[in-house]
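Chemist:
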Amino acid sequence: MGENNQIIGENDYILLKDFKVETEVDEEKGFILCFWVYIFNSNAFPSTILKQVYAETNSSPPLLVLNEKTLMIFPLTCLLNEALGPGNTDLPSEVPKVSAEIEHPQNSWIHVGYEVSSDFVRLYINGEIAGELHLSSLSNDNSMPNGSRKRTLIGITGDSNLQGFIHDAKVLPSTLSIKEQYVKDPPLRLAIDESSISDIEEDNGFWNIVGGKASCRRIFSLDVVLLNTFGQPVNKELEVVASLLYAHNRLPVEKTNDEEPPLLASCDGIEFASCDRPCKLSKGRASFKLKISKLSSKCDNRQFCIKFGVSKLEGYCFLEDFSPSIRCISRNRTPRTSTIIWKKVSAVHPVNGSQPFGLDDSSCEPKHNTVHEAKLSPTSKRVRLGEAKISAVDQHSEECNSLASKQNQVENGFGSRLEARPENFEEMNTSLSDSESTGARDSALKSVSSRGHSVPDVTIFRYCLGGLTDRSLLLKEIATTVSDEEISGFAEQVSLYSGCSHHRHQIKMAKRLIDEGTVAWNLISQNKLQVQWESAVFEIEEQFMKIASCSSRSLTQQDFELLRKIAGCQEYMAQENFEKMWCWLYPVAYTLSSDWVNAMWNSTSPKWIEGFITKEEAELSLQGSRGLQEPGTFILRFPTSRSWPHPDAGSLVVTYVGTDYSLHHKLLSLDNVYSSGVREKNVKVKPLQDMLLEESELSRLGRIMRRH
Numbered sequence: 001m002g003e004n005n006q007i008i009g010e011n012d013y014i015l016l017k018d019f020k021v022e023t024e025v026d027e028e029k030g031f032i033l034c035f036w037v038y039i040f041n042s043n044a045f046p047s048t049i050l051k052q053v054y055a056e057t058n059s060s061p062p063l064l065v066l067n068e069k070t071l072m073i074f075p076l077t078c079l080l081n082e083a084l085g086p087g088n089t090d091l092p093s094e095v096p097k098v099s100a101e102i103e104h105p106q107n108s109w110i111h112v113g114y115e116v117s118s119d120f121v122r123l124y125i126n127g128e129i130a131g132e133l134h135l136s137s138l139s140n141d142n143s144m145p146n147g148s149r150k151r152t153l154i155g156i157t158g159d160s161n162l163q164g165f166i167h168d169a170k171v172l173p174s175t176l177s178i179k180e181q182y183v184k185d186p187p188l189r190l191a192i193d194e195s196s197i198s199d200i201e202e203d204n205g206f207w208n209i210v211g212g213k214a215s216c217r218r219i220f221s222l223d224v225v226l227l228n229t230f231g232q233p234v235n236k237e238l239e240v241v242a243s244l245l246y247a248h249n250r251l252p253v254e255k256t257n258d259e260e261p262p263l264l265a266s267c268d269g270i271e272f273a274s275c276d277r278p279c280k281l282s283k284g285r286a287s288f289k290l291k292i293s294k295l296s297s298k299c300d301n302r303q304f305c306i307k308f309g310v311s312k313l314e315g316y317c318f319l320e321d322f323s324p325s326i327r328c329i330s331r332n333r334t335p336r337t338s339t340i341i342w343k344k345v346s347a348v349h350p351v352n353g354s355q356p357f358g359l360d361d362s363s364c365e366p367k368h369n370t371v372h373e374a375k376l377s378p379t380s381k382r383v384r385l386g387e388a389k390i391s392a393v394d395q396h397s398e399e400c401n402s403l404a405s406k407q408n409q410v411e412n413g414f415g416s417r418l419e420a421r422p423e424n425f426e427e428m429n430t431s432l433s434d435s436e437s438t439g440a441r442d443s444a445l446k447s448v449s450s451r452g453h454s455v456p457d458v459t460i461f462r463y464c465l466g467g468l469t470d471r472s473l474l475l476k477e478i479a480t481t482v483s484d485e486e487i488s489g490f491a492e493q494v495s496l497y498s499g500c501s502h503h504r505h506q507i508k509m510a511k512r513l514i515d516e517g518t519v520a521w522n523l524i525s526q527n528k529l530q531v532q533w534e535s536a537v538f539e540i541e542e543q544f545m546k547i548a549s550c551s552s553r554s555l556t557q558q559d560f561e562l563l564r565k566i567a568g569c570q571e572y573m574a575q576e577n578f579e580k581m582w583c584w585l586y587p588v589a590y591t592l593s594s595d596w597v598n599a600m601w602n603s604t605s606p607k608w609i610e611g612f613i614t615k616e617e618a619e620l621s622l623q624g625s626r627g628l629q630e631p632g633t634f635i636l637r638f639p640t641s642r643s644w645p646h647p648d649a650g651s652l653v654v655t656y657v658g659t660d661y662s663l664h665h666k667l668l669s670l671d672n673v674y675s676s677g678v679r680e681k682n683v684k685v686k687p688l689q690d691m692l693l694e695e696s697e698l699s700r701l702g703r704i705m706r707r708h
């Protein structure tokens with residue numbers, strides 16, 4: 001897709017009230033009428049979408065009717081025994097009709113096909129037959145003495161509340177295939193790419209964003225994509241503009257008291273009113289870096305939302321998308337959803353490779369009474385263990401014990417505990433404290449520099465400051481031009497300058513991920529633009545089992561369904577869909593290839609990791625008929641919101657019932673526990689399952705209860 005990059009034409013999308021098509025009905029040959037329809041703002045049912053118009057009798061009975069979630073199509077009255085009188089606009093109540101149930105009939109594109117012959121009428125929904133009506137008992141041999149009769153189809157609103165669009169309407173010979181017309185010219189839609197969201201805290205379906213005055217507000221970023229209805233990117237020369245609205249009534253948010261625009265676009269460090277800085281689509285994608293200057297507390301605690309729409313195409317609702325409701329808070333405001341308490345920790349310095357592990361109270365991570373899963377910012381920093389001060393957005397700083405002085409307190413140099421992080425922790429200040437010697441950083445800089453690298457410093461800083469999309473593009477460019485040694489040097493420098501060692505793992509796997517992904521797609525696609533999902537799953541499974549070093553356990557149908565959701569495709573998969581799926585699956589398979597996780601994946605009794613599941617499935621499984629299961633019951637899963645090159649892609653999450661009888665989600669960090677440095681020192685490390693069960697908050701493995 002995406003071969004036509006011209007702007008959208010005026011006749012590509014027609015309002016229902018303006019739609020009109022004429023055809024001659026030939027009793028012998030028949031015909032097909034097919035079109036895409038988009039209905040919105042319909043409150044009164046039943047509502048007529050299309051009607052027949054006969055000039056000779058001045059009658060206009062309905063042809064296509066929507067009744068809540070039921071789409072009904074009627075036979076042509078010229079094929080019925082009973083003719084309509086002048087001015088009649090209704091069909092007799094006893095006239096049969098073809099009906100189909102539509103799960104989401106409004107605010108989504110539906111392809112309708114109407115096949116007409118003298119013997120039957122057929123209704124097609126999205127290329128498939130939804131119903132058929134035989135007319136042998138209803139046909140009127142005298143109704144069309146000349147073999148054909150002209151009639152007009154017009155799109156109307158059944159009442160003032162019905163609005164909608166028609167796209168790609170055609171009247172064709174009955175010898176053609178409606179299925180082929182369905183895939184030929186799919187309509188477009190604009191959508192927020194949730195996998196690209198950065199520096200936004202998600203909380204029970206809301207977004208918490210730090211905004212306000214210039215010294216406090218923070219940049220958050222996301223991408224908007226132009227897709228066809230099959231989820232494939234489309235290249236059009238369009239611009240997308242962002243605006244801030246009130247969530248409850250979708251009216252624009254006013255300027256601040258200082259006459260500052262409520263939503264700002266950040267470009268090269270300079271702030272502009274978002275309405276003055278539309279973003280051009282490039283290969284179907286527009287990247288936004290935004291700030292909010294208006295606080296919810298200054299607007300009667302009302303919530304906001306961001307509207308993204310195509311410039312100069314106002315009113316085309318399918319070319320608009322809205323963010324979830326937003327709470328814009330100040331930097332010092334304490335979140336209402338949790339209480340964060342910082343605990344002291346014992347550990348060793350991060351530069352020499354040792355870190356503490358633990359879900360217990362010795363962890364230097366924030367503890368949440370209720371932790372909700374959120375997409376972590378790719379630039380969010382983990383706690384730099386060894387620093388004298390740690391600060392979070394909504395907490396005062398508290399000191400951590402000196403890490404270097406506590407080396408001997410970690411059993412065998414590494415211990416038996418795991419490092420765990422709540423999934424929606426705030427971004428933390430990772431700069432070295434005044435009380436900490438700069439010798440360690442200088443030493444690390446010299447160590448990295450001595451290895452040599454060809455990646456320019458500006459590229460390193462672009463990676464550290466960029467969003468997920470920026471990082472992905474940079475890595476794809478770098479991985480094809482530099483050696484493995486230079487990739488490793490780049491990974492070390494990014495980890496050092498970003499203060500996050502977890503970047504190292506994602507950068508080092510980039511070359512293999514890209515190369516093996518290219519080979520896999522070529523095998524699947526055979527040079528085709530798109531392939532059927534069902535035919536691709538065999539190669540996907542083979543690649544997964546090879547990377548995961550697993551020959552005894554294959555993927556289940558439920559696993560494939562989740563992979564298809566991550567890919568964002570339906571019956572057909574394009575390269576864009578494959579890459580989305582691959583960037584999630586490859587890090588997971590890479591994690592499973594490790595001996596300590598591979599054994600758990602292959603275990604059938606007990607089944608430590610039951611497959612690819614969502615957060616909602618894990619939570620549902622921990623809820624019994626009488627409420628939550630016993631405290632300490634837990635389930636392991638791979639978070640669906642972490643895809644390469646996110647630092648946590650491929651990590652494991654433990655979802656468990658806490659002692660407070662609420663659900664918690666903690667991200668396990670395994671790279672320090674089972675690092676190459678540990679293996680080289682021949683340190684005996686306990687199996688992961690034993691380490692989990694030694695945690696005070698975890699006591700028994702739960703089972704997955706899937707919905708059918």
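Residue numbers for the sequence shown follow the UniProt record's numbering, beginning at 1 and rising by one. For glycine and all other residues, C-beta sits at the position ideal for the given N, C-alpha and C.
In whole angstroms, give me the CA-to-CA distance for S535 and L636.
Modeler: Straight-line Cα distance between these residues: approximately 30 angstroms.
Chemist: Write down every uninterrupted run of the alpha helix (DSSP H) in the region 265-310 whose length is 4 residues or greater and which is fully enclosed by it, in chain order.
Modeler: Taking only runs of at least 4 residues, no alpha helix (DSSP H) segment lies wholly in the region 265-310.
Chemist: Which first and last residues belong to the alpha helix (DSSP H) in which P587 is found?
Modeler: Element bounds for P587: 575-592.
Chemist: To which residues of the same chain is R700 closer than 8 angstroms at the C-beta, ignoring the five residues directly before and after it?
Modeler: Within the same chain, R700 has close Cβ partners E630, G632, T633, F634.
Chemist: Measure how close the beta-carbons of V171 and L133 come, nearest whole angstrom, since I'm counting them as under 8 angstroms.
Modeler: No, V171 and L133 are not in contact; Cβ-Cβ is about 20 angstroms, not under 8 angstroms.
Chemist: Is L16 buried or exposed, if buried means 16 or more other CB atoms sit within 10 Å of its CB?
Modeler: Burial call: buried.
Chemist: Could you give the DSSP three-state label for R217: helix, strand or coil?
Modeler: Reduced to three states, the DSSP call for R217 is coil.
Chemist: Could you spell out where the alpha helix (DSSP H) holding W533 opens and where it closes?
Modeler: Looking at the DSSP string, the run of the alpha helix (DSSP H) that includes W533 is 533-547.
Chemist: Give me the Cα-Cα distance between N249 and S108, rounded to the nearest whole angstrom.
Modeler: If you take the alpha carbons of N249 and S108, they lie about 21 angstroms apart.
Chemist: Going residue by residue through the region 172-237, where are the continuous beta strand (DSSP E) segments of at least 3 residues, counting only ones entirely within it?
Modeler: Qualifying beta strand (DSSP E) stretches, in chain order: 188-198, 201-203, 206-210, 220-228.
Chemist: How close, in whole Å, do the beta carbons of S274 and L295 come, if the pair is a contact with beta carbons under 8 angstroms?
Modeler: Actually they are not in contact, since the Cβ atoms of S274 and L295 sit about 17 angstroms apart, beyond 8 angstroms.
Chemist: Out of K615, E617, S243, I609, which has the shortest C-alpha to C-alpha gap to D276?
Modeler: Answer by Cα proximity: S243.
Chemist: Can you have a look at Y661 and say buried or exposed, based on whether 16 or more other CB atoms are within 10 angstroms of its CB?
Modeler: Exposed: under 16 other Cβ atoms inside 10 Å.
Chemist: Counting only runs of 4+ residues fully inside the region 463-526, write out the alpha helix (DSSP H) ranges in chain order.
Modeler: As far as the region 463-526 is concerned, its whole alpha helix (DSSP H) runs of at least 4 residues are 468-479, 484-498, 502-508, 510-525.
Chemist: Between F19 and C583, what straight-line distance do the alpha-carbon atoms span, to the nearest angstrom?
Modeler: Cα to Cα, F19 sits roughly 43 angstroms from C583.
Chemist: Less than 7 angstroms between the C-beta atoms of P278 and V225, yes or no?
Modeler: Taking 7 angstroms as the Cβ cut-off, P278 and V225 do not qualify as a contacting pair.
Chemist: In angstroms, rounded to a whole number, what distance separates the CA positions of L319 and S325?
Modeler: If I take the Cα positions, the gap works out to 19 angstroms.
Chemist: Looking at C-alpha atoms only, which residue of Q106, L135, E103 is the closest neighbour of S117?
Modeler: That would be L135, whose Cα lies nearest to the Cα of S117.
Chemist: Taking DSSP's pairing of strands, which residues face N67 in a bridge?
Modeler: T70, per the DSSP bridge assignment.
Chemist: Have a look at S651 and A191 and give me their C-alpha separation to the nearest angstrom.
Modeler: Their backbone Cα atoms lie some 27 angstroms apart in a straight line.
Chemist: Run through DSSP, which three-state label would W644 get?
Modeler: Of the three classes helix, strand and coil, the one that applies to W644 here is coil, per DSSP.
Chemist: Is E604 buried or exposed, if buried means 16 or more other CB atoms sit within 10 Å of its CB?
Modeler: This sequence places Thr at residue 604; Glu is not what is there. By the 10 Å Cβ count, T604 comes out exposed.
Chemist: Since residue 710 is in the alpha helix (DSSP H), which residue starts that stretch and which ends it?
Modeler: Only positions 1 to 708 of the chain appear in this structure, which leaves residue 710 out of reach.
Chemist: By how many angstroms is the C-alpha of I566 removed from the C-alpha of F560?
Modeler: About 10 angstroms.
Chemist: So what does DSSP say about N412, is it helix, strand or coil?
Modeler: Note that N412 scores 31 on pLDDT, short of 50, meaning its location in the model is unreliable; the coordinates nonetheless yield the value given after this. Note: N412 maps to helix in three-state DSSP.
Chemist: S643 and T469: beta carbons closer than 7 angstroms?
Modeler: Taking 7 angstroms as the Cβ cut-off, S643 and T469 do not qualify as a contacting pair.
Chemist: Between which two residues does the beta strand (DSSP E) holding A247 run?
Modeler: No beta strand (DSSP E) contains A247, which DSSP labels as neither H nor E.
Chemist: In whole angstroms, give me the CA-to-CA distance for V607 and R564.
Modeler: Note that residue 607 corresponds to Lys in the displayed sequence, not to Val. If I take the Cα positions, the gap works out to 24 angstroms.
Chemist: What's the gap between the Cα of G269 and the Cα of I460?
Modeler: For G269 and I460, the distance between alpha carbons rounds to 18 angstroms.
Chemist: Sort out for me which residues DSSP pairs S551 with in a bridge.
Modeler: S551 pairs with nothing; no bridge assigned.
Chemist: Taking the beta carbon of K51 as the centre, do at least 16 other beta carbons fall within 10 Å, making it buried, or is it exposed?
Modeler: That one is buried.
Chemist: So does the region 539-555 actually touch the region 471-489, counting three or more Cβ pairs closer than 8 angstroms?
Modeler: Contact between the region 539-555 and the region 471-489 is absent, because fewer than three Cβ pairs lie under 8 angstroms.
Chemist: Using a 10 Å radius around the Cβ and a threshold of 16 neighbouring Cβ atoms, would you call K184 buried or exposed?
Modeler: When all chains shown are included, K184 counts as exposed.
Chemist: Starting from the Cα of M164, find the closest Cα among Y13, L71, F230, V121 and give me that residue.
Modeler: Residue identity differs from the one stated: residue 164 is Gly in this sequence, not Met. If we check each option's Cα against that of G164, Y13 comes out closest.
Chemist: Which class does C34 belong to by DSSP, given the choice of helix, strand or coil?
Modeler: In this structure, C34 counts as strand in the three-state DSSP scheme.
Chemist: Pull up the DSSP beta-bridge partners for C328, would you.
Modeler: Beta-bridge pairing links C328 to I209.
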